[in-house]
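Below: one structure, written as C-alpha cells.
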Amino acid sequence: MTNKSQPQHILKLSAEQRRRFVDSFDRVYSDIDGVIYTLKVNVPNADQAYAALERAGKQLTFVTNNSARNVDDTVKRFAMANMQVKPEQIWHPAQTMVYYLQSIKFEGLIYIIASPEFKRVLREAGYQLIDGPNQFIDDTYEDLARNIFDKQPVRAVVIDVDFNLTAPKMLRAHLYLRHPECLLLSGATDRLLPVAKGVNIIGPGAFASVLIEASGKQPTVLGKPGRALGDMLIQQHNVTMPSRVLMIGDMLAQDVRFGRMCGFQTLLVLTGGCTLDQLQAETCPEHLPDYYADSVADFIQLLADIAPKAHV
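Residues 1 to 312, numbered by this note's numbering, are exactly what the sequence shown covers, in order.
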C-alpha cells in the first residue's frame, strides 16, 4: 500500500512499484455499477481486465449497493458484459441484510422501505414484513394519521432503494423507531446515484439520513461503507490480512471509504461516479484512495507489463 498522501495512477508507477502493487494483494472486492457497466453501457474491456486479474491468481468478489437488480439478473447483466460470474461471487444488499439478521438471531416484525426484489429476498428467508402505505392518500391530517399510526410490534425498520418512496412511508418509519428496541437497518448509503456520465439522482442515503436525524438512532449499515458488511466479508472469506485485499470502486464516499474502513487497499476508477477533478479536489483522508485508474481496463496493460515476473 502506498504511503503517499495523494493517490497514484497505476500506469504511472515505476516497473518495480507495479510489481510490488500486484504482489501486494490476493483478493479483489469490486463494485459493479460504474466500474464494469453503467445503466446501459459496458465499460470497454472491463471483462478482459477481470480475466487478467484471475489469471494473475486474484480471487474476485463483487460487492454492490444496487438492490434494484436481484442476484440472478445481475449474473445476466454480467453476461451482457462478457463476464461469467457465479451467484456466490456477488454480495447483494438484500442478501447481506439476511446474513446480518440471521447472525443476530433476529425475531419480530420488520417495516421495510425497499424495492420489491429486496423484499422478496427477506420474505423468502422467512422474515415477516410490512410496508406502505402504497396507495394515494388525501391531503388531510385525518387520512395521514390513518396511514402512519400503527400499533403493530415492529422491531426493525429497514431502508434501502425505493423508487416509490413517499412522505407517509418515512413518517410511519419514524413512528416505529420511537420504540427503544426498534432497530434501524440500512442497505445502500449512496446520497447520489450515478445513472449516466455526469448525471446523478438522489440516492437512499439522503433519505436514511432523515430517519437518523429524526429518530436519534444510529443505523447498522449493511451496504458500503458499513463496517458490518466489511466484517461479514472478512469472516466469510477468512481474510486474515485485510491489507492484502484490494477494493475497486468508482465512488469516494462508498467504495473508497469502505475499503479504508476495513483496512483494504483502495483503487478508484474514473468511469462512474467520480471525475478526476473531484478526486483531485477531495480533502477528506477517509475518501482518498491509494491508487486510481482511468478504467479498470488499465489492469490489462499493468499486468501484461509485469507478467513474466509476477507471482513466481
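Using N, Cα and C, we set each Cβ at its ideal position, and we do this for glycine too.
Check, Outcome
"Do you know how far the Cα of G273 is from the Cα of S371?", "Beyond the ends of the chain as shown, which are 1 and 312, falls residue 371; an answer cannot be given."
"Does the beta-carbon of C284 have 16 or more other beta-carbons within 10 angstroms, so that it is buried, or is it exposed?", "exposed"
"Any idea what DSSP makes of G132, helix, strand or coil?", "coil"
"Checking the sheet assignment: what are the DSSP bridge partners for F62?", "S30, I90"
"Look at the alpha carbon of I300 and the alpha carbon of R55, and state the distance between them as a whole number of angstroms.", "11 Å"
"So, does the segment 78-90 touch the segment 113-130, judging by three or more C-beta pairs under 8 Å?", "no"
"Whole angstroms is fine: what's the gap from V35's alpha carbon to A51's?", "15 Å"
"Measure the alpha-carbon distance for E107 versus P168 and round it to whole angstroms.", "25 Å"
"Taking DSSP as the reference, what is the three-state secondary structure of R120?", "helix"
"In chain order, what residues of the same chain have a beta carbon less than 7 Å from the beta carbon of L144, not counting five sequence neighbours either side?", "I137, P168"
"Rounded to whole angstroms, how far is the Cβ of L252 from the Cβ of Y292, which I believe are closer than 8 Å?", "About 10 Å; that fails the 8 Å criterion."
"Do S67 and V158 come within 7 Å of each other at the CB atom, strictly closer than that value?", "no"
"Rounded to a whole number of angstroms, what is the C-alpha to C-alpha distance between C262 and L171?", "34 Å"
"Can you grab the Cα-Cα spacing for the pair R18 / L303, in whole Å?", "8 Å"
"Is the segment 204-219 touching the segment 232-241 in the sense that three or more CB pairs, one from each, lie closer than 8 Å?", "no"
"At which residues does the alpha helix (DSSP H) containing S24 begin and terminate?", "No alpha helix (DSSP H) contains S24, which DSSP labels as neither H nor E."
"List in chain order: all unbroken alpha helix (DSSP H) runs of 4+ residues lying wholly within the segment 247-287.", "257-262, 276-281"
"May I ask you to list the residues that DSSP assigns as paired with I328?", "The structure shown does not extend to residue 328, since the chain spans only 1 to 312, so no value can be given for it."
"Do T61 and Y29 have their C-beta atoms closer together than 7 Å?", "yes"
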